[in-house]
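Participant: Start counting the sequence shown at 1; every next residue gets the next number (the UniProt record's numbering). Every residue gets a Cβ at the ideal spot worked out from N, C-alpha and C, and that includes glycine. First, the structure itself, so that you have it in front of you.
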Amino acid sequence: MSKITEIENAIIQLGPGEFQKFCDTFLSQKHYGKITGLGMKSGTLKTTIGNPDTYFRKENGKYICVAYTAQQSDIFKKLKEDIEKCLDPEKTKLPIEEIDEIICCHTSSNLLAGDDHKLHKLCEEKNIKLTIFGVDEIAQQIYRYYPMIAKDFFGISADTNQIMYINEFVSLYDSNEMAAPLDTIFHGRKEELSNLIEAIRENSVVIVHGSAGTGKTRIALEAIRRFSSEDEYRLLCVKNNNQPIYEDLIAKIDQPGSYLLFVDDANELSGLAQIIQYITRDKDEYSVKVVLTVRDYAKEPVFLIANKYTVPKMFSLLQFSDNDIKEFLNINMGITNDLYVDQIIKIAEGNPRIAYMTGKIAKDTQSLSAVNDASQVYEQYYSNVVGLKLGKDRELCLTAGILALVNAVFLDRMEYLENLLELSIISEQRFKDCIYRLSQMEVVEIHKDQVAAISDQCLSNYMLYFVFFKEKLLPFSEVLYVGYKYFKQGVIRSIKTLFNIFSEESLCEYIADEVKKVWNRYEKEKEQCFDDFVLTFHTFRPEQAFLIAAEKIQKIQKCDYTDEVIDFKKSETLSDDNIVGLLSGYSYSSHIETAVELLIEYVSKSVKTAIAGFNFLKNAYGIDQNSYRYQFYNEKAICNVLLKYADNNIFVLSFILETMKEYLKFEFSPAEMGRGNTFRFYHLKIDDTEGVKEYRELCWKIITNLSVYEELKTKIEDFLKYYAVSVRKADESQVVVDDKKHIDLIMNSLRINKVRKALILRDLYYGWSRQNIEYMRDEDVFASREWKLLTILDDDFIYSEMEYEDFQNQREINIQKFASEISIEEIPGLIKMAVCIADEAQFEHSKDKCYTIAHSLGEIAKEFCNDSEKTKMMINAVMENSETLEIYPGVMMTSLFKTMSAKELFDLINAKDYIYKNKWKFYYFELIPEEMVDEYIFNELITYLKDDSDKDIKSSSWRKLRFLDKFVIFDKDIYITASKIIFAKREYSRFIVEMYFTLLFDEHWYTPKEVLEIYNDNLKLLRDIYFFMLCNDNMVDLKGTFLLYFLHIEKEWIDDFANHVADNINSERDHDNYRYMALWRADEYLEYYDCIFKKLANSETYISEWRLTNLFKSILFYGNKDELIKNRQEAWIMHIIEENAMSDSVIIIFEALSEADIVLRKKALLLFLSINDDYELFKKIPLDPSHWEGNAGEIVFQLTKRIDFLESLISELKGVKYLRHVKRIRDRIEMWKSTIKEEELRAICRKLYQ
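Right, dumping it as structure tokens:
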């Protein structure tokens, strides 16, 4: 009997109530709308009077009336009565126009075609659709589309139940309580989802692979749902149950159309090939796509099966990130409390299933302690694996435990496990056998047949707990004793895992006791790694660790303070960093105070220890997200220790002040290590809590105590300025209010210079105003003459509450008014006061006001341009007070040239010694009008140029040589004369030489032709200057414009340029690339590059090989997007190979070509071999690039391309003379294949060890 006949008979045997329930289920699968049954008593199979028997309300608000009958005789009459009842508003209480459709289901085989026609005619007259399902049609559809109904109602398996619709698949999957449900809101992973949908659209087969618990099934379902709705594909899901699948496929895909087949855990399906081959079905009638999920370790066999029919798209899915888990908990479970979320993230290890289970426990218990210990979740989740599969098999359990301990094992490199296996009483071969058994159970994944690891990180965590604590199959002290020496990171990570995830008290006590046993044993045996062990586990024995730290600190030599600036922004790395390491790890414990006391001893030694100590305290005990949880316990404990400090060691005092500066900030950006070598960054703002009040109160007491130290006076003022600026960013004004009383007290007690005090108060008042905090303004501090002058000279517009342009306009008016009102006698006082203000206004990490004040004084000087006496007074005053402010004298000089002779003005600026005298004299010669130049001034110029007063100048604007044009009348070769003098200065200041000559080779100031004419009588000097500038300033003649012109006039320049390239090859000179491009564009490029090549090939100067290679890479390939340059580069390569094929110098070219385009490399190599088949030279020629980089996939791709290139060479090399050449190439191919395998294994290990 066929399955369809079996189903038909079963339907006919149903009673009226059973038939109605069966049909309700059948029709509800068709998604007509919301179903309501009237013809049956709820919870029973007894029919009642209802009209209709069932109805559906559609999304458009219309109704579908349904009538059922199991009557066999007079079926036409029965159906007609049922339809008429549905059309009777008195019986249905529903207007006829509200009915869209009537459905009749019956079990009779006696409905004639004519009767069927009459029934449809009856409904058509009312504009209502009629659908009649007889027993034949129902059976056909149940068999084809809804086999689960046949199984549920009749126990008939219409198929193997391996192919189902998506809702059936989800229901089946979610019936497993151990799985994270699929029927959840999909959130996050937007980019991955979009990429996966696009991959499905563009490929016939997509393989979604990743490690266990990465959410492969969930994202694949979301992708196929969205794709099928957009592209109208019929979805079918496949779930293996170890039965043949071919007949199911034929039944499900019997009609032409578009199908999307989804196969979960594809490696488990024996009939996978039968599914994938459907993509090759008649393309005119069928469009079939297949999406597969598979774990990473099993992806290769799946890929090979798919690859027989098409090239499958491999779609790698990484583990859920911490943020993904956080969003999952929020969207699907409503869990947002950070305490719960952070612990669930730790337990879940990126596994959404574990996250779901842990979240469920958290919601059910509403207790944080319930999720602090993961053992309940893990035992529930892994009971089948550990309890049933591993059972009491000690060797299997120990094998799993060891794998969890070391994370991954190379099956052919297990020497480092020898001692541990001996301890476990397991031979190496037996250990491998157990790994293979665990692999068959899917507890272990074996990657590339060589690297074994537990398939699920959460299971790995649980095996640590189960093997080494719950069952104690080995004393953990023995494991630690061996493991710390041979796989240190593994045991450290394991202990952290046990403490972080399984926090039950008995476990913590057990691990602590075991660690102490190893401590004692290492110490007694004087084990070499004892110091390292103590550093790792010092928190298990705080007192002993503190004694060791104290002894080490005592041995550090103490340095005297020498007014050296202590820059706490620096990062000091000291050889004794392990000392402060012994002081870490005591957060929220009573030992923190002892740790800080020892830290103070450490800090007291030197500037470097002070900086290193502060950076340690900031990182180890800085304010972070836990500070609020524990009411700032750490900060209060640290402050209490610092408050008691009574010595006057400047290193310690500075350290304490910097710590208070850090603690009194209003916002913080702490970071912590997340999973998989990631960082989690936070942004915290200080809120008004009791803990905040308490710790900040202590901070201010410490600041108050520090303020009595005279040596800290400037630092305290710098801190107050820093704090004052930060007030405006505070998020909670009450915190600022609480701080204010301390600020007021300190400001009133300190003897602060009036300008500095005014600057601090201005920022405080501005910040308090922004926070709407009332304050009493100290008007006296803003009434001083210095402050009023500063407000004129300064440009801090933010305090003005004006728009920037309006402020600048008003400032200009104020300066003009001030300049017009100042008397000549007041000018010296003005400059002195400005210098004093500039000195006093300097705060650490604040804007430098010297430039602003100097610029404003220049603006005042500009207002004096028509008053020579004021200008002269100004210039004298500036010369006498020029230590702090560098004021540009150009405006004053230009003014005085109008009223003074050239000699008088020169004598004026030359009469006194002042710091900027050399610069001012240059401005004099630059600005003097040409008509005022005489022989006296010319002689003074020569004297000035010969003077070495410029030797200490470290900053300067460029000194444009155009001013020499004014002196040509006295020396037609003035450029050559001056250049000789200036060029000689390179012996003591290359900087000043650059300042003079930079603009000589700038087209904005000189043309190449003009420069050549100027130096025509001494071209050697010009060449010397040009190449000196090229060596010292990469930007000079960047585009090679001057070089090309000089080469066009005098070909000898190429020899000098070649020498320049050779002499500077060992330094980074990326800007030369632009000049190389210029040479490629020259018609004589072959001649130029032959010269450069010859020079480099024959250079006696040491040239590092890789630099030479890199240089030729730049020469040969920079700018090759330009078609002309690219063609010329290739032409020169072939030319130089032909010219040098018999010489070792050709190796240089091939080293540069090693990373070039494959076609070009092959062409060049074959050209060489056609000229010279000498194997001895050939074996020196590199066949591959010298390096590779990128992630594992990129590296494998690069190495594969190398193999492709080498294989392409073999087909070109025929005959006996090339036998050794081919052998070398084949050896390289084998080497790279081996390297690929090794790299793949390394990549697997890197991933596993994250």
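Where do the ends of the alpha helix (DSSP H) carrying A861 lie?
Facilitator: Where A861 is concerned, the enclosing alpha helix (DSSP H) stretches over 850-863.
Participant: By Cβ distance below 8 angstroms, which residues in the same chain neighbour E564 in space, the five residues on each side in sequence not counted?
Facilitator: Closer than 8 angstroms at Cβ, skipping near neighbours: V607.
Participant: Tell me where the alpha helix (DSSP H) around S820 begins and ends.
Facilitator: Counting along the chain, the alpha helix (DSSP H) containing S820 begins and ends at 804-821.
Participant: Just to confirm, are L14 and F22 a CB contact at a threshold of 9 angstroms?
Facilitator: Closer than 9 angstroms, so yes.
Participant: With a threshold of 16 other CB atoms inside 10 Å of the CB of N1016, please say whether the residue is buried or exposed.
Facilitator: Exposed, because fewer than 16 other Cβ atoms sit within 10 Å of the Cβ of N1016.
Participant: Could you tell me whether the region 886-896 touches the region 854-865, where touching means 3 or more Cβ pairs closer than 8 angstroms?
Facilitator: These segments touch.
Participant: Could you tell me the distance, in whole angstroms, from the CA atom of S669 to the CA atom of E732?
Facilitator: C-alpha separation (whole angstroms): 17 angstroms.
Participant: Which whole-angstrom value is the C-beta distance of R295 and E445, which I expect to be below 8 angstroms?
Facilitator: Contact flag correct, Cβ pair sits at about 7 angstroms.
Participant: Rounded to the nearest angstrom, what separates F897 and T871 at their Cα positions?
Facilitator: Those two C-alpha atoms are separated by around 11 angstroms.
Participant: Considering only residues of the region 120-159, which uninterrupted beta strand (DSSP E) runs meet the minimum length of 3 residues and lie entirely inside it, listed in chain order?
Facilitator: Within the region 120-159, the complete beta strand (DSSP E) runs of at least 3 residues are 129-133.
Participant: For F1112, which of helix, strand or coil comes out of DSSP?
Facilitator: Of the three classes helix, strand and coil, the one that applies to F1112 here is helix, per DSSP.
Participant: Here's a check: name, in chain order, each residue in its chain whose Cβ is nearer than 6 angstroms to the Cβ of F153, leaving out the five neighbours to either side.
Facilitator: For F153, where only same-chain residues beyond five positions count, the Cβ hits under 6 angstroms are F22.
Participant: Where are the alpha helix (DSSP H) runs, 4 residues long or more, that stay fully inside the region 385-429, in chain order?
Facilitator: The region 385-429 contains these whole alpha helix (DSSP H) runs: 394-406, 418-424.
Participant: Mapping DSSP to helix, strand and coil, what is F169?
Facilitator: DSSP places F169 in helix when its eight states are reduced to three.
Participant: Below 8 angstroms, how does it come out for the region 1159-1172 and the region 1083-1091: are there three or more Cβ pairs, yes or no?
Facilitator: The region 1159-1172 is not in contact with the region 1083-1091.
Participant: Measure the beta-carbon distance from Y465 to F410 and round it to whole angstroms, keeping in mind my assumption that it falls under 8 angstroms.
Facilitator: Contact flag wrong, Cβ pair sits at about 25 angstroms.
Participant: For a quick check, are the C-beta atoms of Q734 and D763 less than 9 angstroms apart?
Facilitator: Not closer than 9 angstroms, so no.
Participant: Can you name the residues that DSSP bridges to R295?
Facilitator: In DSSP, R295 forms a bridge with G210.
Participant: To the nearest angstrom, how far is it from the Cα of I1125 to the Cα of W1132?
Facilitator: Whole-angstrom Cα-Cα distance: 10 angstroms.
Participant: Taking the alpha carbon of E504 as the point to measure from, which residue in Q457, N372, L473, I579 has its own alpha carbon closest?
Facilitator: Comparing Cα positions, the closest option is N372.
Participant: For E198, which residues in the same chain have their Cβ closer than 6 angstroms to its Cβ, ignoring the five residues on either side in sequence?
Facilitator: Excluding sequence neighbours, E198 sits near nothing in its chain.
Participant: Helix, strand or coil for V1196? Go by DSSP, reduced to three states.
Facilitator: In the structure shown, V1196 sits in a helix (DSSP, three-state: H, G or I).
Participant: Rounded to the nearest angstrom, what separates N195 and K552 at their Cα positions?
Facilitator: Computed Cα separation, rounded: 57 angstroms.
Participant: Who are the Cβ neighbours of K912 in its own chain at under 6 angstroms, not counting the five residues just before and after it?
Facilitator: Closer than 6 angstroms at the Cβ level, and outside the excluded window around K912, lie M879.
Participant: Exposed or buried, N203, counting other C-beta atoms within 10 Å across all chains shown (16 or more means buried)?
Facilitator: Answer is buried; the Cβ neighbour count reaches 16.
Participant: Is the region 711-727 touching the region 646-665 in the sense that three or more CB pairs, one from each, lie closer than 8 angstroms?
Facilitator: They touch, by the three-pair rule.
Participant: Contact between the region 427-436 and the region 484-503 is defined here as three or more beta-carbon pairs at a separation below 8 angstroms; is this criterion met?
Facilitator: No contact exists between the region 427-436 and the region 484-503.
Participant: Excluding five sequence neighbours on each side, which residues of the same chain lie with their C-beta closer than 6 angstroms to the C-beta of E828?
Facilitator: At residue 828 the sequence reads Pro, which differs from the Glu that was named. Excluding sequence neighbours, P828 sits near A877.
Participant: Between which two residues does the alpha helix (DSSP H) holding G691 run?
Facilitator: Taken as a continuous stretch (DSSP letters only), the alpha helix (DSSP H) holding G691 covers 690-706.
Participant: By DSSP, does K1237 sit in helix, in strand, or in coil?
Facilitator: Residue state, collapsed to three classes: helix.
Participant: Which residue or residues does DSSP assign as beta-bridge partners of H447?
Facilitator: V451, per the DSSP bridge assignment.
Participant: Please state if the CB of D324 and the CB of residue 1297 are separated by a distance shorter than 9 angstroms.
Facilitator: The chain is shown from 1 up to 1250; residue 1297 falls before or after that span and cannot be answered.
Participant: Rounded to whole angstroms, what is the Cα-Cα separation between R962 and D795?
Facilitator: Taking the straight line joining both Cα atoms gives about 34 angstroms.
Participant: Taking one C-beta from the region 127-145 and one from the region 88-100 each time, how about it: are there three or more such pairs within less than 8 angstroms?
Facilitator: The answer is yes - the region 88-100 touches the region 127-145, with three or more Cβ pairs under 8 angstroms.
Participant: Given this structure, state the Cα-to-Cα distance separating G613 from S749, to the nearest angstrom.
Facilitator: One C-alpha to the other measures close to 30 angstroms.
Participant: Considering T69, what are the terminal residues of the alpha helix (DSSP H) in which it resides?
Facilitator: Unbroken run through T69 is the beta strand (DSSP E), 63-69; no alpha helix (DSSP H).
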